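If you're matching positions, the sequence shown starts at 13 in our numbering and goes up one per residue. Only one structure is covered here, and it is reproduced in the block below.
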Amino acid sequence: MPDPTSPAPVLARISSDAASLHQALCVLPAERGASASALAARITDAQDLAGTALRLLLTLSRQASRPTPTDLLLLQHAAQIAKAAQDAAAELTAALARAVENQRRQAAAATRRVVLIGPTPQQFIESAADLLDRIPALCDAVSHDRPESPSH
């Protein structure tokens, strides 16, 4: 029976989910950006990932009533995982907002050229993918830094 206090299964799931979401972002159509529904689905995935990471952080913080330096390092890594997932969700939300804004501008200016400014939706998506790409390494750091003692 697995140890209910071990974060290993949760870390494995977070790492796997981050890699899957990263891959899904890499195949979104670059031309004209991804559809609003595809981006909304990926935002939900990133938010779910952040929620899982925050629940892990909560569990780890409860287990460390008097945190040692090792406990604090684990909490720091878990917080970085949650932040990366939340930041990825924010980048994807920015991509969605920019894509819809661009579509609205193009529809409103059907006969003249539209000048779009700022980062493109694709640039926001690439930023989100970069953030997600960091998460498996952070999960490995938590796994490697966690002592194998029965006191945890």
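We put the CB at the ideal spot given by N, CA and C, even for glycine. All of these numbers come straight from a predicted model, not from anything done at the bench.
For Ala106, the enclosing alpha helix (DSSP H) stretches over residues Pro81 to Ala120. Ser27 is classed as buried because its beta carbon has at least 16 other beta carbons within 10 Å across all chains shown.
Apart from sequence neighbours up to five positions away, the residues of its chain that approach Pro148 with a beta-carbon distance below 7 Å are Ser27, Ala30 and Ala31, ordered along the chain. By the neighbour-count criterion, in which a residue is buried when 16 or more other Cβ atoms sit within 10 angstroms of its Cβ, Ser47 is exposed. Sixteen is the threshold: since fewer than 16 other Cβ atoms of the shown chains lie within 10 Å of the Cβ of Thr123, the residue is exposed. For Ile93 against Ala76, the beta-carbon gap comes to about 16 Å, at or over 8 Å, which does not count as contact. Look at Ser139 here: in three-state DSSP terms it is helix.
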